Amino acid sequence: GAVVSQHPSWVICKSGTSVKIECRSLDFQATTMFWYRQFPKQSLMLMATSNEGSKATYEQGVEKDKFLINHASLTLSTLTVTSAHPEDSSFYICSARIPSASSYNEQFFGPGTRLTVL
Amino acid sequence: QKEVEQDPGPLSVPEGAIVSLNCTYSNSAFQYFMWYRQYSRKGPELLMYTYSSGNKEDGRFTAQVDKSSKYISLFIRDSQPSDSATYLCAMRDGQNFVFGPGTRLSVLP
Numbered sequence: 001g002a003v004v005s006q007h008p009s010w011v012i013c014k015s016g017t018s019v020k021i022e023c024r025s026l027d028f029q030a031t032t033m034f035w036y037r038q039f040p041k042q043s044l045m046l047m048a049t050s051n052e053g054s055k056a057t058y059e060q061g062v063e064k065d066k067f068l069i070n071h072a073s074l075t076l077s078t079l080t081v082t083s084a085h086p087e088d089s090s091f092y093i094c095s096a097r098i099p100s101a102s103s104y105n106e107q108f109f110g111p112g113t114r115l116t117v118l
Numbered sequence: 001q002k003e004v005e006q007d008p009g010p011l012s013v014p015e016g017a018i019v020s021l022n023c024t025y026s027n028s029a030f031q032y033f034m035w036y037r038q039y040s041r042k043g044p045e046l047l048m049y050t051y052s053s054g055n056k057e058d059g060r061f062t063a064q065v066d067k068s069s070k071y072i073s074l075f076i077r078d079s080q081p082s083d084s085a086t087y088l089c090a091m092r093d094g095q096n097f098v099f100g101p102g103t104r105l106s107v108l109p
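Residue numbers (this note's numbering), protein chains in the order written: chain A, 1 to 118; chain B, 1 to 109.
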């Protein structure tokens, strides 16, 4: 099956610093990747849709200047949390969609990155 | 009304029980219906997907979709402690992908 990796799996940083999270599709090319955040015991909240070679599309209420997304290749998307604050502490999960002739396009999820901002 | 609703649980059952997990939705344009399982501190993994109405069975898991009632279900037979996780329903129409809030399930040995 399709594998999506994330790095790092967890990170602790000081308030005010920036943190970069990588999402890679290991055995397929993903023209579209998604970034979610998940607070404890809550569901996934879509933050943005990342399309290779173009600007990301952000969901309402998500600050694009704070959460920078770059999808520079068909296998890599990065999320940079700039000037992180304790309220940004969360579980960040990416997913990648396999483009296919079928209209059913499954999402494969990465293992997530737990960010703790002190 | 939220687009997708799901009983958050937690739901606790004894080992071997039949589990029924359910979601309701409001958007009649949804055509693809998925169930994901998420273990604590892990990313979701796809369990089942169904197109339009009907049933689909895979081992101990059965997914059921009733588009006329805008209601989907996941049944787990002979539940095991390893089934303890959060189960998320998801559905899509075209490009719009929506998750339910998830149901926490605990299967007690």
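Glycine included, every Cβ here is placed at the ideal spot set by N, Cα and C.
Since the structure is predicted, the reported quantities are computational estimates derived from the model, not experimental observations.
In chain B, no part has a C-beta under 7 Å from the C-beta of A/I12; the shortest such distance is about 15 Å. A/H7 is bridged by DSSP to A/E22. Considered as a whole, the stretch 10 to 64 of chain A harbours 10 to 13, 19 to 25, 32 to 38 and 45 to 51 as its complete beta strand (DSSP E) runs of no fewer than 3 residues, in chain order. For a Cβ distance threshold of 9 Å, residue set S43 of chain A lies close to B/G100, ordered along the chain. At least one CB atom of chain B sits nearer than 8 Å to the CB of A/Q107. When secondary structure is reduced to three states using DSSP, B/P8 falls in the coil class, being assigned neither helix nor strand. In the structure shown, B/E45 falls within a strand segment according to DSSP collapsed to helix, strand and coil. From the beta-carbon of B/F97, the residues of chain A found nearer than 8 Å are F34, L46 and Q107. Here B/V65 is actually not in contact with B/T86; their C-beta atoms are around 21 Å apart, not less than 8 Å.
Counting C-beta pairs closer than 8 Å gives fewer than three between the stretch 1 to 15 of chain B and the stretch 51 to 65 of chain B, which falls short of the contact rule.
Between A/S77 and A/M33, the C-beta spacing is below 8 Å. Under the 8 Å criterion on CB atoms, B/L11 is classed as non-interfacial with respect to chain A.
Following the DSSP letters along the chain, one finds B/R77 in no beta strand (DSSP E), marked with neither H nor E. According to DSSP, A/G110 shares a beta bridge with no other residue. In the three-state reduction of the DSSP assignment, A/E87 falls in the helix class, which pools H, G and I. Not a single CB atom of chain B sits nearer than 8 Å to the CB of A/P8. In chain order, R41, K42 and G43 make up the part of chain B whose C-beta sits under 8 Å from the C-beta of A/G112.
At a cut-off of 8 Å between beta-carbon atoms, A/I21 makes no contact with chain B.
Annotation for B/F30: M91, R92 and D93 place their beta carbon closer than 7 Å to its own, counting only its chain and skipping 5 residues before and after. The C-alpha of B/V107 lies about 8 Å from the C-alpha of B/S82. In the structure shown, B/S82 falls within a helical segment according to DSSP collapsed to helix, strand and coil. Contact note: A/I93 reaches chain B through G43, using a C-beta cutoff of 7 Å and chain order.
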